[in-house]
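Here my numbering is used: position 199 in the first sequence is 204, and no number is missing along the way.
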Amino acid sequence: MQYAVPRGTKDILPADSFVWQKIEAACRKIFALYNYMEIRTPIFESTELFTRSIGKTTDIVGKEMYTFEDRKGRSLTLRPEETAPVVRACLENNLIGPDLLTKLYYIGPMFRYERPQAGRQRQFHQAGVEVFGSNDPLLDAEVIILNLQLLSEIGLKDLEVDINSVGCTKCRPAYRKKLSEYLKDNIKHMCADCQERFINNPLRVLDCKETKCQKYIENAPASSEVLCEECKTHFEKVVGWLDGLMVRYKVNNRLVRGLDYYTKTTFEIVSSKLGAQNAVSGGGRYDGLVEELGGKPTPAVGFAIGLERVIEIMTNDKYQILPAGRQVTNEGRIIIYFATIGEEAKKIGFDMLQKARSRGVSADMDYLGKSLKAQMKVADRAGAQYVYIIGDDEIKKQSAILRNMQTSDQQDMSFDRLFDELKI
RNA sequence: GCGGCCUUGGUGUAGAGGCAACACAGCAGAUUGUGGUUCUGUUGUCAGGGGUUCAAUUCCCCUAGGCCGCCCCA
């Protein structure tokens, strides 16, 4: 084989694209129900946008970005996530403002340079929403509910919502300090990664799965103990709304997401039906990001769903939500197939073919000079409801054979009556 | 970036240091102007490179890719 797709990328072939179409349709439907409008931004942005928003010490910025220089030496980066580009676009086009609630959604590819494995590719797809302009805890709850409704619309079950509050610019430094003080005495017993994290971003130590670190993490001060009054009441209200709406969730004090812009609420939806990469979606509030990127202070919430992970669950044989691949011969692709024998018939067939198409009737014919038998077979596989068979005799009569492929009935049907008779 | 497993026709699978097998799909024919059944024929040199050997697709090494775990995240 001469060429192969770049590592960590995949072709979505005709046999699989119907799954993607189904998911995208579900996303658009649910987003519309909640009054979100679509935004599309470029695949690449200036590198600065991401380093500023996501944070220099994060893994994404530190080692996962596809960054390159263009011909004029500008540093550009293939978007690793979509929140920062959406904020940028909103600021640039004045989409957000005081007393204005802006609700946007997106669907598209993202890029991160990571070691590929199940549920993790270098080009992957996310669908997500961003809401700007309100700090109402009910909105946090609504976004979570929207997320859940979308996943259940797609057909996913047995999902778990993990939720936490990481505080705000007022209380996070205090928590960081408290955590650092606690870790200072214990860090020497913890793993090498944690020692690194301790220096760069102590919060992320809480995320460590290393067994020898667990006991220290368990005893670490929880963020909930240190939240300021505002963050504390905000969090209580969010979970209060979730309780009232009968949403099942789990407060997880160790949920620290890998992007620095989050404030207050963070959440993740995980599925037990996935392997190590078990997060189907994740999101939270980021009240400081708009200002960080040059706008007026504007509260915001959002989430992103990992579409490959959704599809992994949907197409997993064990769960039977959708059959995996191999749907090339899905029935009903075309209404009528024009089978022709000879050059003259081909010419007439093509005229009729175009006439059918111009009337909005999907139709096709042979371009490979196949035998009639083979043309019938192709028509069958394309799911044609009718085949119109044109040969020399038919040209003389100006009337050809119309075969109903379901019933196998055949009748003579003159050229000029065909479309009226079929009511197409 | 680290560790483990894997890589055979279009697809899914056998196999053994020295004729590469099976199923399905595809194409053609049986039915010389007709599909979905049946039968027949046909499509590969075993990811790429190097080494061991009289001989490797089968053993060893490297590279690439896939999968699984760590890390991280969607």
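Ideal Cβ positions, reconstructed from N, Cα and C, are used throughout, including at glycine.
- In the three-state reduction of the DSSP assignment, Val-136 falls in the strand class, which pools E and B.
- The beta carbon of Trp-246 sits closer than 7 Å to the beta carbons of Pro-142, Leu-143 and Ala-146 from its chain, once the five residues preceding and following it are set aside; these are given in chain order.
- With respect to the 8 Å criterion, Gln-131 and Ile-310 are classified as neighbours on the basis of their beta carbons.
- Counting the other CB atoms within 10 Å of its CB gives Met-418 a total of 16 or more, which places it among the buried residues.
- From the listed residues Tyr-111, Ser-277 and Asp-292, the smallest Cα separation to Lys-34 is found for Tyr-111.
- The beta carbon of Ile-59 sits closer than 6 Å to those of Ile-65, Val-66 and Leu-264, all from its chain and outside the five residues before and after it, given in chain order.
- Residue state for Ile-44 is assigned as coil, using DSSP reduced to three classes.
- In this structure, the alpha-carbon of Ala-387 lies about 51 Å from that of Val-261.
- Residue ranges of uninterrupted beta strand (DSSP E) with 3 or more members, entirely inside the segment 161 to 219 and ordered along the chain, are 164 to 170.
- Between Ile-222 and Leu-211, the CB-CB gap stays under 8 Å.
- Its Cα nearest to that of Met-251, the residue Val-166 stands out among Phe-343, Arg-125, Asp-356 and Val-166.
- Glu-399 and Asp-21 have their alpha carbons spaced roughly 40 Å apart.
- In the structure shown, Gln-359 adopts helical secondary structure according to DSSP, grouped into three states.
- When Ile-28, Lys-428, Asn-257 and Glu-241 are compared, the shortest CA-CA separation from Arg-364 is found for Lys-428.
- For Phe-73, the number of other beta carbons within 10 angstroms of its own is below 16, and it is reported as exposed.
- Scanning Gly-133, Glu-119, Ile-101 and Lys-351 for the CA closest to the CA of Arg-45 turns up Gly-133.
- The residue from Arg-177, Arg-290, Lys-68 and Asp-104 with its alpha-carbon nearest to that of Pro-226 is Arg-177.
- With a cut-off of 8 Å on Cβ pairs, the segment 95 to 103 is not in contact with the segment 68 to 83, counting fewer than three such pairs.
- One alpha carbon belongs to Ser-170, the other to Arg-79, and they sit about 37 Å apart.
- Under the DSSP assignment, Arg-408 falls in the beta strand (DSSP E) whose first and last residues are 404 to 409.
- By the Cβ criterion, the segment 371 to 384 is in contact with the segment 337 to 345, since at least three pairs of Cβ atoms, one from each stretch, lie closer than 8 Å.
- Within the model, the alpha-carbon separation for Gly-288 versus Arg-76 is close to 35 Å.
- Rounded to whole angstroms, the separation of the alpha carbons of Lys-237 and Val-244 is 11 Å.
- In this structure, Lys-351 is the residue among Tyr-391, Gln-390, Gln-359 and Lys-351 with its C-alpha nearest to the C-alpha of Tyr-372.
- Across the structure, Arg-84 and Thr-63 are spaced so that their CA atoms are roughly 15 Å apart.
- Note on geometry: alpha-carbon atoms of Val-256 and Arg-290 lie some 16 Å from one another.
- For Thr-107, the uninterrupted beta strand (DSSP E) run begins and ends at 107 to 116, by DSSP.
- DSSP links Phe-272 through a beta bridge to Ile-168 and Gly-288.
- Here the alpha carbon of Leu-208 sits roughly 27 Å from the alpha carbon of Arg-93.
- Between Asn-152 and Ile-274, the C-beta spacing is below 8 Å.
- Nearest to Arg-422 by C-alpha distance, out of Asp-385, Asp-397, Lys-360 and Thr-412, is Lys-360.
- Ser-376: not part of any beta strand (DSSP E); DSSP gives it neither H nor E.
- Under the criterion of beta carbons closer than 8 Å, Glu-313 and Phe-129 qualify as touching, at roughly 5 Å.
- If the five residues before and after Gln-415 are omitted, its C-beta is found closer than 6 Å to the C-beta atoms of Ile-406 and Arg-408, all from its own chain and listed in chain order.
- In the structure shown, the three-state DSSP call for Val-306 is strand.
- For the set Leu-18, Asp-425, Lys-269 and Gln-411, the Cα lying nearest the Cα of Lys-242 is the one of Lys-269.
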